[in-house]
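Input: a single structure, listed below in structure tokens.
Residue numbers (our numbering), protein chains in the order written: chain A, 1 to 302; chain B, 303 to 1491.
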């Protein structure tokens, strides 16, 4: 669900060099860094071998921080110990994987992008009799409900199937419930209005006691399930794929691989929406045309 | 029975029974005694009356006998004394008679005594007289008298004692009767008494048992805790009393139990509520769940919970059955409304019978007003934290009120706990969220940083590349410089060559002119002489010799004509031909031509007309001599090649709309000379050729008509010289029409000086006014071969043939040379439109080939594209290649190479059939598609569409679903029937709203479905463009992407697997997979059934139990694959049905999960077709259909 950045003393403690398989002279900062990097790499390798979650392509710097955070939470002395336990305990793994991946989301995030989506993508979507929309990395589901609201308002919800996937089963559990703290309602409302929402957001949820719950009909065409963008194959033909703030955690090679996969899932002329901090590599731009580079909306070339 | 009615106690009843029994017994005894007496009497009567008589008889008789005997003895013994003694005997007899008085009546006794005494007196007298010895008569009389008396006495005695036997029998019978009667009476009375006693006993017992049963039932019921109806035993006996006591006890017990129940109920309610609101719940969950529980528990159809917010206002937190439509008020101030009031007074507030319109509770079946309300303030630690309101259809019971009183604090506590827990959770979540956001921002920052780094790196790289490129550019510049020097050299050489050429050309022309002159001089002599000879002035020649002389003359004339024409042509070509512009009167021209050619035509019996149409200008300005030369040529040819019919010359304006090849020529300012004939005509294929020098259509014609074959060339050159153009319309056997179009005014300045290289008069493109059949434009510089083609110079035959297929896939031909020299030779001789060149070739390398191609002016312009495994693009491009591609190359790249080399005109136009009944839509579609360079045909209904598809081949069909004569889906079905595997791609374009089912049905036939909407035409074009591209790339449907062709190792085995008639069920919601799988399986001969949801799969299996194997997708909406498999396995007959699970998930454990759910095998997506085939074969092996090859 989160990853606290903890640069506590634990991370700076000297680690056992022999454990990492390399006799390293402890002491200098650089050595420690190298050691930690090695440990993290081994850790990710172990996770991949045991559970199939491939985090090896993620950027080393962020993985190191996340591993440190995960380690701090468990209170274990070093990553080797955590690795050992994670290998033996799938439940611990489920918790650790959440620490290793970041899930944060809000309703109608990047509203201007959604507005562009409404204005320029939706008219094309109207020409499809059935729509498949994939929200990859849906985290706790805010995006899925936002999309449902948007599609309801555009009159497309009845003919669409939203596939909302995430790597974390816990986040998906949360997403399925569709209950969120009301504290951010003001932001949500602003986002909603900015995304081109014409009604009142209140029409879609019931709220009390600082919580809001989305109406069940919104959930009707959303299928939440666990899916690992890195290892799993695509599962259906999509008209639209939202993959926001997922690619930033991937290394360049993995990013291109995943984009190839997304392209495979899209129908020709299908739309790919990325997060505001993400950009297609030059290589990927061979496959995708830019509908709005500013809003990160791309279109698969025919 | 009677006892109950009499109200007797149980003891009384017992006594009564005993008394009745005793009385009955007494009666029985008394009656018995009475009856016995009667019988006794009767018997006594017998004893006293009849028995003594029976006894007295013999006694009396014996006494009487004794008396007789005494008398006789005394007589016999003559004893007087004895005789006296007989008195005693008589006395004894009399005594006896007296004694028997009981047995005989007194009268009888007296009679009997009299008789005895009478007898005795007589007997004594007799005896005495006998004793006395008397004899005689008196004695005998006395004796007789005595005898009489004796008999009488005996008789009397007998009659008296011989009593009546009938009397006795009668008496006995009477006694017996009496006895019987007595017995009967006794029996009757006894039975009667017994019955009475039994009846009484039964009655009493029954009453008793009934009461006891009632009591027992009652007690039992009480024991079970049901006190409700008291034991109903109204009798006043002991049982009645017992019942009353029991009822009293029950009543008190019931009261106790009710109290206990009430407490229990409240406690249960409290526990239930506690159960509901336990755990980590959010406040509204607490409210909703608690409320739901309370509403159910208290049978309240409506309820709401309001809590106090930080501002003190009471806000709606949760409600029960007060849905959005009922719109409960969302907040109250303290003291506002009943809710506020309840909160303010902190006590439970019950409102009974509110007005009927106070609040109505609705359900689907109706609505009703609530009858009562209760408002319970939720108080905790003396603080009101909220109000709970419940409404009911019935008045509120105290119990319910007590219950609310009991639970409200707990409810309040639960709310508080939830609230604080949530606050904690939220705080935690917020913290985590902020942390995550921070992390993400950091991440984004880092990524930007990395990206910046990457960009920097890229920039550095680019810089590096740039400097490299600069170096290379420098090198290139140097090369260029060198080349420039070379070029300069070449230019100079060329200039020199040009000068030389001019000189040569001049020489040639001079030579021709001179030669012509030189030839003409002797020729003239020859003609003259032969003519003279033929005239046979001396008349000394034979007819044969004359004929020979004529032949010489004729041949000479032909030769002269040829020489003249060669001269003309040479002049024109060398630019020596001069134009003398003058006014030409068209009428004069026509008249002159009529004069010249009329007789010629008539000689051949041909009709000949010259017509100047009204729109023609009276005069034109041109070179009269050349014009006449052209027309002479054309008319001469026309007459020459026409055997019958007619030849006509028509002078007028060219038809408006004629597209003219020359830009300086305008229809309104031009004059057309049309020479038409009814001759043999010229095949389209030959039309270009006849304008070439020394060309005639047919050598046979040549032989028949003679002629030089230069005429048309000259005519065309001349026309061109005069600023016009020469056209031809003709078809074999249809006659020909040559049209010479000249400008009305030819200025001398307008005729450009012409050079030899400029002789490229194009045949103009087809104009609309000119009938079909005219030749389509073809580049005049076309290669000598029929069709444009690419030359592939490549030694690797495998790559070459693969590449060849791609070229042919693009609608082009190709020739292959396997080494450089052969390639060069082919390039020179056949002039390909483009050359694809490998660098490494067996003899000379690609660089050399390219250089030689570039050096030869004939091949210098041919574009050359390198495709090589060697790096060297810089070098290649520097040499003048149009592109450089490094092997290995993708298909796409190769196609691009072909596209770059292909002449644009040879692009095959894909055929598209538009099925659209709406004229407007159809037309606009047509226009758009034609704009896409597509060959489009439109039909308006399904019948026509089917006919069109059967008759021709279309690559794509754009189909409107709402057709007048057939349903769209039906049409698609028929199309598939009609086309089989040649089914064109179908794009459905419809305004109809489609259901999910319809879409699924359509998807199996169609490439895409486009709904008519604002931006639909754009998408339709996109889809069609996509189709066109796929067609060009030779790719199949885009749906085939769901499969991978196979890992390779198993291919050989998998390819031979056949699945003839095996029934396979494919379950997948992704149409791509379904499409690809079913196509593959059908190609293997299998019968494929398709389901798009788990439920559909179950339905199909239920209807088709003969399905032999199932391919099951896992991720599907509604019912997923796991669930579907579990349900299939629940059906007994599907226990052994093989199921292959297909899933996109590649996680460890996914296959186990599938197997747990019932899958027999597991295949990850994209499906490796070889593995699937082997799996299918393994699973289906040994089955019924003889499918294995």
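Glycine included, each C-beta is placed from N, C-alpha and C at the ideal position.
Note that the coordinates shown come from a computational prediction; the quantities given were computed from them, not determined experimentally.
Proximal residues of chain A, C-beta to C-beta of residue i below 7 Å
{"i": "residue 1468 of chain B", "result": "233"}
{"i": "residue 1372 of chain B", "result": "235, 236, 237"}
{"i": "residue 620 of chain B", "result": "208"}
{"i": "residue 731 of chain B", "result": "181"}
{"i": "residue 1440 of chain B", "result": "What residue 1440 of chain B touches in chain A: nothing, since even the nearest Cβ is about 22 Å away."}
Reduced DSSP category for residue i - H, G, I as helix; E, B as strand; rest coil
{"i": "residue 329 of chain B", "result": "helix"}
{"i": "residue 1481 of chain B", "result": "helix"}
{"i": "residue 1208 of chain B", "result": "Unreliable placement is indicated for residue 1208 of chain B, whose pLDDT of 43 sits below 50; the coordinate value is still reported in the next sentence. In the structure shown, residue 1208 of chain B sits in a helix (DSSP, three-state: H, G or I)."}
{"i": "residue 1047 of chain B", "result": "strand"}
{"i": "residue 138 of chain A", "result": "coil"}
{"i": "residue 799 of chain B", "result": "helix"}
{"i": "residue 1461 of chain B", "result": "coil"}
{"i": "residue 1019 of chain B", "result": "helix"}
{"i": "residue 1243 of chain B", "result": "coil"}
{"i": "residue 709 of chain B", "result": "helix"}
{"i": "residue 590 of chain B", "result": "helix"}
{"i": "residue 948 of chain B", "result": "strand"}
{"i": "residue 1071 of chain B", "result": "With a pLDDT of 32 at residue 1071 of chain B, under the threshold of 50, the predicted position of this residue should be treated as unreliable, though the coordinate-derived value follows. Correct three-state label for residue 1071 of chain B: coil."}
{"i": "residue 543 of chain B", "result": "helix"}
Anticipated Cβ contact below 8 Å, residue i with residue j, distance rounded
{"i": "residue 230 of chain A", "j": "residue 265 of chain A", "result": "With 8 Å as the limit, residue 230 of chain A and residue 265 of chain A do not qualify as a contact, their Cβ atoms being about 14 Å apart."}
{"i": "residue 371 of chain B", "j": "residue 395 of chain B", "result": "Contact flag wrong, Cβ pair sits at about 12 Å."}
{"i": "residue 950 of chain B", "j": "residue 978 of chain B", "result": "5 Å"}
{"i": "residue 270 of chain A", "j": "residue 302 of chain A", "result": "The pair is not a contact, with the Cβ atoms about 10 Å apart (cut-off 8 Å)."}
{"i": "residue 1371 of chain B", "j": "residue 144 of chain A", "result": "Not a contact, Cβ separation roughly 18 Å."}
Beta-carbon neighbours of residue i, restricted to chain B and to distances below 9 Å
{"i": "residue 242 of chain A", "result": "Ordered by position in chain B, no residue passes the 9 Å Cβ test against residue 242 of chain A, which lies about 16 Å from the chain."}
Amino acids of chain A, ordered along the chain, whose beta-carbon sits closer than 8 Å to that of residue i
{"i": "residue 633 of chain B", "result": "None at all; the shortest Cβ gap to chain A is about 11 Å."}
Contacts of residue i in chain A (Cβ-Cβ under 9 Å)
{"i": "residue 721 of chain B", "result": "209, 210"}
{"i": "residue 1394 of chain B", "result": "Correct list: empty, because the minimum Cβ distance to chain A is about 11 Å."}
{"i": "residue 1313 of chain B", "result": "126, 127, 128, 129"}
Amino acids of chain B, ordered along the chain, whose beta-carbon sits closer than 7 Å to that of residue i
{"i": "residue 248 of chain A", "result": "745, 746, 749"}
{"i": "residue 245 of chain A", "result": "742"}
{"i": "residue 225 of chain A", "result": "1417"}
Contact set between residue i and chain B, taken where Cβ atoms lie within less than 8 Å
{"i": "residue 277 of chain A", "result": "746, 749, 750"}
Any non-hydrogen atom of the ligand MG within 7 Å of residue i CB
{"i": "residue 861 of chain B", "result": "The model depicted lacks the ligand MG and carries no ligand whatsoever."}
Problem - contact_flag[the region 1401-1410 of chain B, the region 1357-1365 of chain B] where n(CB pairs < 8 Å) is 3 or more - result: yes
Handout entry: Any 3 or more C-beta pairs closer than 8 Å across the region 1136-1147 of chain B and the region 728-742 of chain B
Key = no
Handout entry: Completely contained beta strand (DSSP E) runs for the region 1382-1435 of chain B, where each covers 3 or more residues
Key = 1389-1393, 1411-1415
Practice task
State whether the region 384-398 of chain B contacts the region 505-522 of chain B, with contact taken as three or more CB pairs (one from each stretch) at a distance under 8 Å.
Solution key: no
Practice task
Would you check if there are 3 or more beta carbon pairs closer than 8 Å linking the region 280-288 of chain A to the region 251-261 of chain A?
Solution key: yes
Practice task
Taking only runs that begin and end inside the region 861-933 of chain B, name each unbroken beta strand (DSSP E) of 3 or more residues, in chain order.
Solution key: 884-887, 909-914, 921-924
Exercise for the section: Would you check if there are 3 or more beta carbon pairs closer than 8 Å linking the region 634-654 of chain B to the region 662-680 of chain B? Expected result: yes
Practice task
Let me know the alpha helix (DSSP H) ranges lying completely inside the region 1154-1198 of chain B, each 4 residues or longer, listed in chain order.
Solution key: 1175-1181
Exercise for the section: Inspect the CB distances between the region 1231-1238 of chain B and the region 1184-1204 of chain B and report whether three or more fall short of 8 Å. Expected result: no
Problem - Contact the region 164-175 of chain A vs the region 208-224 of chain A: 3+ CB pairs below 8 Å - result: yes
Handout entry: Start-end ranges of the beta strand (DSSP E) lying completely within the region 379-465 of chain B, minimum 3 residues
Key = none
Handout entry: Inter-stretch contact at 8 Å, needing at least 3 Cβ pairs: the region 132-151 of chain A / the region 242-251 of chain A
Key = yes
Handout entry: Segment contact flag, the region 85-93 of chain A with the region 776-792 of chain B, C-beta cutoff 8 Å, min 3 pairs
Key = no
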